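**Q** To start, I am sharing the structure in question, which I have written as structure tokens.
2 protein chains.
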Amino acid sequence: MVTTWLDDEQLNVWVRLKAVMELLPSALDSELRRAAELTYFEYYVLAMLSEADGRVLRMSALAARTNATLPRLSHVVRKMAERGLVRRTPDPQDGRSVLVHLTEEGYAVLVAAAPGHVDAVRRYVFDRLDDEQVSQLGAIADAMLDRLDPEGVLTHEYRRPADPGRPAG
Amino acid sequence: MVTTWLDDEQLNVWVRLKAVMELLPSALDSELRRAAELTYFEYYVLAMLSEADGRVLRMSALAARTNATLPRLSHVVRKMAERGLVRRTPDPQDGRSVLVHLTEEGYAVLVAAAPGHVDAVRRYVFDRLDDEQVSQLGAIADAMLDRLDPEGVLTHEYRRPADPGRPAG
DNA sequence: GGCAAATACTTGTTCCTACAACTATGCCTG
DNA sequence: CAGGCATAGTTGTAGGAACAAGTATTTGCC
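Protein sequences appear in the order of chains A and B. For reference, each letter of the first sequence is one residue, going 1 to 169 in full-length UniProt numbering. For reference, each letter of the second sequence is one residue, going 1 to 169 in full-length UniProt numbering.
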């Protein structure tokens, strides 16, 4: 371990980055709960399913895309199934696996929630950034992800030219 | 509500920013738990106290600096007091308030944990960024904080010229 | 083809956090 | 110098996530 301290500018930047990481997710979570009775996490479960072929994913694939542990996802999906947002079926290919399907109702809930969520993302993130800063932020995030997620599990296929599928966000 | 969709680049950047916000805090939390038996939150409780005059803060001031609710902080501080990391005393100025003091032991734990934590921050955040990107990131975070924390409660005094106090992180 | 190991999930427990209700102290107003 | 209101914390309860253990299915190997 090298124990080099951060210089003053780095320390300053870190304090602000840390503040953003604490405030932004909870701000978005609040808006989703209020407007759509969805948690931030549940929203992205629906979003990931909506982007998948046939709107179906196996539990483990869904867990990877949402950065969830399997136990956590299992509990959440059970409750979402009780609400009718998703449906679970056994995988005919592999009896150990469970397929999670996005229902019509779940898709409708996502479509209803998406504009408000996207609007919140714009307000909090993009409104005050010019085009150059947006592309700078992309490069910076990429650099960090080299260390944090070298496999690109979470960025999925978003490191290639953008997937225009809607709704995403 | 305006319901403008994000353009492709914005969507791409958002996916990556979101990934950073999910992975980075938990990566830092893991390292602190492993190396120092401190949560990310507890570490910053100690850090905020260490930077305060006399290494003392009132509960409400500490809650503001750590972005915690008072109930949450109350529980955590009670446990940290049981471990001997902090000490609580009534405020002679105001009988409603409680002063939280950093103990020598708490300071020692912070000093022992800081190098590893700072090292992790460097590895995950700064190592792959050049000086220009660091300053870009500072400006970008500032822009977001205009909306997220207009009062600057969390950035405290870090928007002014850097406070060289060590250890911070 | 049968046994061991690996995979894919589920269930149960524990810890942590948020929200709500409560207590105690200080302030302010008539 | 009351009575009412605001402030500062604590405690209790309920929901969410992490970790550990258990179940079922498939795969690999002799």
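Beta carbons are placed, not taken as given, at the ideal position from N, Cα and C, and that holds for glycine. Predicted, not measured: the structure shown is a model, and the values here were computed from it.
Of all the options A:100, A:33, A:81 and A:42, which has the alpha carbon lying nearest to the alpha carbon of residue 60 of chain A?
**A** The shortest C-alpha separation from residue 60 of chain A is found at A:100.
**Q** Any C-beta of chain A sitting closer than 8 angstroms to the C-beta of residue 4 of chain B?
**A** Output row for residue 4 of chain B: interface = yes.
**Q** Identify the residues that DSSP records as bridge partners of residue 57 of chain A: which are they?
**A** Answer is A:100, bridged to residue 57 of chain A.
**Q** What three-state label does DSSP hand residue 72 of chain A in the structure shown?
**A** Three-state result, residue 72 of chain A: helix.
**Q** Compare the C-beta of residue 92 of chain A with all C-beta atoms of chain B and state if any pair is closer than 8 angstroms.
**A** Answer no: the Cβ-Cβ gap between residue 92 of chain A and chain B never drops below 8 angstroms.
**Q** At a cut-off of 7 angstroms, would you count residue 27 of chain B as near the ligand SAM, judging by its Cβ distance to the nearest heavy atom?
**A** Among the components of this structure there are no ligands whatsoever, and the ligand SAM is therefore not found.
**Q** Interface residues of chain A around residue 146 of chain B at Cβ under 7 angstroms?
**A** Ordered by position in chain A, the residues that pass the 7 angstroms Cβ test against residue 146 of chain B are 128.
**Q** Taking the C-alpha atoms as reference points, what is the distance between residue 128 of chain B and residue 144 of chain A?
**A** Going by the C-alpha atoms only, they are around 7 angstroms apart.
**Q** Spatial neighbours of residue 14 of chain A within its chain, please: C-beta separation below 8 angstroms, excluding the five flanking residues on both sides.
**A** Closer than 8 angstroms at Cβ, skipping near neighbours: 6.
**Q** Can you give the Cα-Cα distance for residue 105 of chain B and residue 71 of chain B, rounded to whole angstroms?
**A** So the alpha carbons of these two residues sit roughly 24 angstroms apart.
**Q** Please classify residue 87 of chain A: does DSSP put it in a helix, a strand, or coil?
**A** Note: residue 87 of chain A maps to strand in three-state DSSP.
**Q** For residue 79 of chain B, tell me which candidate among B:27, B:51 and B:45 has the shortest Cα-Cα distance.
**A** It is B:45 whose Cα lies nearest to the Cα of residue 79 of chain B.
**Q** Under 7 angstroms Cβ to Cβ from residue 164 of chain B, same chain only, skipping five residues before and after it: list those, please.
**A** The predicted position of residue 164 of chain B is uncertain, since its pLDDT is 38 and thus under 50; a value taken from the coordinates is nonetheless stated next. Cβ neighbours of residue 164 of chain B beyond the five flanking positions: none.
**Q** Hey, would you say residue 86 of chain B sits closer than 8 angstroms to residue 69 of chain B, going by beta carbons?
**A** No; because the gap between Cβ atoms is not below 8 angstroms, this pair is not in contact.
**Q** Excluding the five sequence neighbours on either side, which residues of its own chain have a C-beta within less than 6 angstroms of the C-beta of residue 36 of chain A, listed in chain order?
**A** Around residue 36 of chain A: 113.
**Q** When the cut-off is 8 angstroms and only beta carbons count, does residue 77 of chain B lie next to chain A?
**A** For residue 77 of chain B, the answer is no, since every Cβ of chain A falls outside 8 angstroms of its Cβ.
**Q** Check for me: the alpha helix (DSSP H) holding residue 12 of chain A runs from which residue to which?
**A** That run of the alpha helix (DSSP H) goes 8 to 36.
**Q** Taking Cβ positions only, does residue 149 of chain B come closer than 8 angstroms to chain A?
**A** Interface residue, yes.
**Q** Is the CB-CB distance between residue 22 of chain B and residue 154 of chain A below 8 angstroms?
**A** Cβ distance < 8 angstroms, so residue 22 of chain B and residue 154 of chain A count as in contact.
**Q** In the structure shown, what three-state DSSP assignment does residue 130 of chain B receive?
**A** Of the three classes helix, strand and coil, the one that applies to residue 130 of chain B here is coil, per DSSP.
**Q** Put residue 95 of chain A into one of helix, strand or coil per three-state DSSP.
**A** In this structure, residue 95 of chain A counts as strand in the three-state DSSP scheme.
**Q** Considering only residues of the same chain and omitting the five flanking positions on each side of residue 55 of chain B, which have a CB-CB separation below 8 angstroms?
**A** Answer for residue 55 of chain B: 49, 101, 102 and 107, listed in chain order.
**Q** Does chain B have any CB closer than 8 angstroms to the CB of residue 172 of chain A?
**A** The question about residue 172 of chain A has no answer here: the residues shown for chain A are numbered 1 through 169.
**Q** Can you tell me whether residue 138 of chain B is helix, strand or coil according to DSSP?
**A** Looking at residue 138 of chain B - three-state DSSP - the assignment turns out to be helix.
**Q** Quick check on this structure: which residue in B:58, B:81 and B:117 has the alpha carbon closest to the alpha carbon of residue 94 of chain B?
**A** Per the Cα distances, B:58.
**Q** Rounded C-beta distance between residue 51 of chain A and residue 76 of chain A? I'm assuming under 8 angstroms.
**A** About 18 angstroms; that fails the 8 angstroms criterion.
**Q** Using a Cβ-Cβ distance cut-off of 8 angstroms, determine whether residue 19 of chain A contacts chain B.
**A** It does: the Cβ of residue 19 of chain A has a partner Cβ on chain B nearer than 8 angstroms.
**Q** What residue range does the alpha helix (DSSP H) around residue 47 of chain A cover?
**A** Start and end: 40 to 51.
**Q** Between the Cα of residue 65 of chain B and those of B:130, B:47 and B:32, spot the shortest distance and give me the residue it belongs to.
**A** Out of B:130, B:47 and B:32, B:47 has the C-alpha closest to the C-alpha of residue 65 of chain B.
**Q** Have a look at residue 133 of chain A and residue 131 of chain B and give me their C-alpha separation to the nearest angstrom.
**A** Looking at the two C-alpha atoms, the distance is approximately 15 angstroms.
**Q** Please report how far the alpha carbon of residue 18 of chain A lies from the alpha carbon of residue 110 of chain B, in whole angstroms.
**A** Between residue 18 of chain A and residue 110 of chain B, the C-alpha separation is close to 18 angstroms.
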